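Remarks on the structure that follows.
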Amino acid sequence: MFWRRNKASSFIAYAIVLFFIFDGLALGLNVWITEKIQNHAVELNLAGRQRMLTQKIVKEFLSTPPGAASSERLALLAQTTTLFDRTLNAFRQGGTTVNTDNSLVTIKSFSPRPYSNIIETSWTIWSPLRESIYQYTKTPTPELFIRLNQQLQEHNLTLLNNMNDLAFAIESQARSETYQIRVYQAVALALAILNFIAASVFYRRRVKELESEHSLIDALLNDMPSAMVFTDSEGYLLNENPRFIELLGISHTELKQHRIQDLITPDENNSGFWTLSDIAFNRARLKVEQSCATDGEQAITVWRIEDVSKDCEKQEQLATLAFTDPLTKLLNRAAFEQHLKEVTPALSSAHNHCLMFIDLDGFKQVNDLFGHNKGDQVLKEVGTRLQGFCEQDACVARRGGDEFTLLATNLETHTQAEKLASSIIEALSAPYKNLENQVNISASIGLVIFNNNQSNLIELINTADHAMYMAKQSSEPIRIHTTDLTLDHNAT
3 MFWRRNKASS FIAYAIVLFF IFDGLALGLN VWITEKIQNH AVELNLAGRQ RMLTQKIVKE
63 FLSTPPGAAS SERLALLAQT TTLFDRTLNA FRQGGTTVNT DNSLVTIKSF SPRPYSNIIE
123 TSWTIWSPLR ESIYQYTKTP TPELFIRLNQ QLQEHNLTLL NNMNDLAFAI ESQARSETYQ
183 IRVYQAVALA LAILNFIAAS VFYRRRVKEL ESEHSLIDAL LNDMPSAMVF TDSEGYLLNE
243 NPRFIELLGI SHTELKQHRI QDLITPDENN SGFWTLSDIA FNRARLKVEQ SCATDGEQAI
303 TVWRIEDVSK DCEKQEQLAT LAFTDPLTKL LNRAAFEQHL KEVTPALSSA HNHCLMFIDL
363 DGFKQVNDLF GHNKGDQVLK EVGTRLQGFC EQDACVARRG GDEFTLLATN LETHTQAEKL
423 ASSIIEALSA PYKNLENQVN ISASIGLVIF NNNQSNLIEL INTADHAMYM AKQSSEPIRI
483 HTTDLTLDHN AT
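Residue 71 in this note's numbering sits at position 69 of the sequence shown; the count goes up by one each step and never skips.
The following block contains the structure:
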């Protein structure tokens with residue numbers, strides 16, 4: 003064949019094209035996974051807000067009884083109902099809705115997804131409720147109040163559970179799709195390595211047939227987009243391209259005084275990555291590939307070195323956004339549930355543990371009187387105060403809106419859990435800066451005491467949520483409702 007008899011230039015050109023193809027494929031996969039994460043993050047936030055809205059509808063409905071229902075409160079109830087209905091319909095049929103940051107967002111229909119039955123079941127329950135609520139906002143009669151209150155008691159918890167199941171299903175799908183894309187990335191990397199090895203081996207075989215061996219090597223190295231280095235068996239540099247010198251930021255003379263092991267070292271904090279040593283002027287995180295070749299009887303190691311600092315930084319930022327609440331810097335719902343899933347199997351059976359569902363009382367007035375910026379400042383302060391209760395055996399997260407969850411483990415007595423809840427309410431009830439004593443903020447806490455026999459995490463969270471709802475209904479000064487699951491287990 004011509005390319006075998008003549009020169010290696012054609013094959014090298016093919017190899018370079020393949021390098022660009024594989025690099026472009028890797029870049030495309032990174033863009034794809036970023037878009038997937040962003041879309042699922044929006045869907046997770048909306049599903050979490052749907053759960054919050056189911057509770058908010060009940061709260062606003064109970065605050066607008068006949069005879070005391072002002073037009074403003076009825077309008078607020080209608081607005082909340084419309085937001086829930088619009089988002090649920092967007093899940094069902096696709097379309098636009100209002101995102102958690104009050105921007106418009108377009109959602110594709112969930113009907114092709116395996117968990118679309120959750121949406122359809124919720125829609126079947128929601129449709130008659132929606133009509134009754136709209137009717138009540140127009141004509142708030144006692145008869146309609148009693149009937150609608152009964153409907154909400156019968157179906158609100160089911161809607162709440164469905165929204166939690168939906169969030170869990172979206173999260174599971176996101177993890178599955180991310181894993182699949184990672185597999186594609188691994189395949190692309192393997193093909194790139196094979197392509198590189200094939201090109202290197204072929205190049206070394208062809209170079210023996212050419213008189214201008216060193217000129218061809220220099221031309222290939224100079225055209226490489228990555229840093230390339232050839233070393234002998236002891237690690238001393240035989241040749242390198244300008245990209246490697248630029249990466250280190252030192253002179254060619256100083257470069258030749260060191261072995262490759264003196265210039266780049268494995269990153270002790272990040273397995274699979276390398277870093278530049280202190281000899282280098284620059285700092286970077288590296289991805290290094292090695293292959294072996296021979297030049298006559300001399301063994302040569304080929305190093306392909308790529309600066310992946312920016313890619314790693316972007317991935318770390320995405321990971322932080324995926325598991326951290328951007329306002330309070332606490333864990334978000336997904337991170338808290340993942341922590342709960344990981345820590346629960348290892349909990350001691352000799353101790354009791356508690357899960358708290360915390361909902362702020364009076365927070366809506368902050369937004370109404372002072373605006374959402376002041377409300378955000380209050381939420382940040384709430385996060386700081388809750389973080390003060392997180393010692394070695396506790397973890398706190400923001401679920402969304404003005405709702406938080408806290409896990410405390412290895413408690414000696416049930417009273418200890420209730421004292422902790424009382425201390426949290428006391429801390430959250432302390433004055434907040436610049437509220438001018440016009441708003442009194444407190445909290446209602448649903449507290450679930452359990453041991454390591456309760457393995458259904460979603461049911462555990464829902465139980466705590468329901469306990470919080472019961473605490474909201476309490477007329478006591480300190481609103482705490484405790485559900486002890488250890489008693490149910492011991493009874494069985």
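A virtual CB, placed ideally from N, CA and C, is assigned to each residue, including glycine. The structure displayed is predicted, hence computed values, not measured ones.
{"Item": "DSSP state of T59 mapped onto helix, strand, coil", "Value": "The sequence as given places Ile at residue 59; Thr does not occur at that position. Here I59 sits in helix by DSSP."}
{"Item": "L332 vs R400 beta-carbon contact at 8 angstroms", "Value": "yes"}
{"Item": "Exposure label - D327; buried when at least 16 CB within 10 Å", "Value": "buried"}
{"Item": "Neighbourhood of S273 by C-beta distance below 7 angstroms, restricted to the same chain and skipping five residues each side", "Value": "none"}
{"Item": "Helix, strand or coil at H483 according to DSSP, with G and I counted as helix", "Value": "strand"}
{"Item": "Distance CB(I447)-CB(A429) smaller than 8 angstroms", "Value": "no"}
{"Item": "Beta-carbon separation (whole angstroms), T89 vs Q52, contact threshold 8 angstroms", "Value": "6 angstroms"}
{"Item": "Continuous alpha helix (DSSP H) stretch holding P244: start and end", "Value": "P244 to L250"}
{"Item": "Touching by the beta-carbon criterion (3+ pairs, under 8 angstroms), the region 120-129 and the region 152-161", "Value": "yes"}
{"Item": "Minimum length 4: unbroken alpha helix (DSSP H) runs contained in the region 406-447", "Value": "416-431"}
{"Item": "Neighbourhood of I247 by C-beta, 7 angstroms cutoff - its chain only, sequence neighbours within 5 removed", "Value": "H254 and L257"}
{"Item": "Check whether F391 and I426 have beta carbons under 8 angstroms apart", "Value": "yes"}
{"Item": "Three-state secondary structure (DSSP) of S293", "Value": "strand"}
{"Item": "Residues bridged to A399 [DSSP beta-bridge criterion]", "Value": "L333 and T407"}
{"Item": "L76 vs T123 beta-carbon contact at 8 angstroms", "Value": "no"}
{"Item": "Rounded straight-line distance, which links the Cα of D363 to that of H341", "Value": "27 angstroms"}
{"Item": "Distance, F63 Cα to S73 Cα", "Value": "13 angstroms"}
{"Item": "One or two residues paired with T108 in a DSSP bridge", "Value": "T98"}
{"Item": "Cβ neighbour criterion (16 or more within 10 Å) applied to K58", "Value": "buried"}
{"Item": "G377 versus I262, T330, V384 and V368, residue with shortest Cα-Cα distance", "Value": "V368"}
{"Item": "Beta-carbon proximity check, A171 vs Y136, cutoff 8 angstroms", "Value": "no"}
{"Item": "For A396 and E344, the rounded distance between their alpha carbons", "Value": "14 angstroms"}
{"Item": "Heavy atom of the ligand GTP within 7 angstroms of D486 beta-carbon", "Value": "Although the ligand GTP was asked about, the structure shown includes no ligands whatsoever."}
{"Item": "8 angstroms Cβ shell around L349 - same chain, five flanking residues per side excluded", "Value": "H355, T411, N412, N453 and N454"}
{"Item": "C-beta atoms of A466 and F359 nearer than 8 angstroms", "Value": "yes"}
{"Item": "Simplified DSSP assignment, three categories, for F391", "Value": "coil"}
{"Item": "Backbone CA spacing between S311 and N241 [nearest angstrom]", "Value": "25 angstroms"}
{"Item": "Residue span of the alpha helix (DSSP H) that contains I115, given as start and end", "Value": "Per the sequence shown, the amino acid found at residue 115 is Arg instead of Ile. Run containing R115: none; DSSP gives neither H nor E here."}
{"Item": "Cβ contact (3+ pairs, closer than 8 angstroms) linking the region 225-239 and the region 300-308", "Value": "yes"}
{"Item": "Opposing strand residues paired with E308 [DSSP bridges]", "Value": "K289"}
{"Item": "Sequence-distant residues of its chain with Cβ nearer than 8 angstroms to V100 (five each side left out)", "Value": "L85, R88, T89, L106 and V107"}
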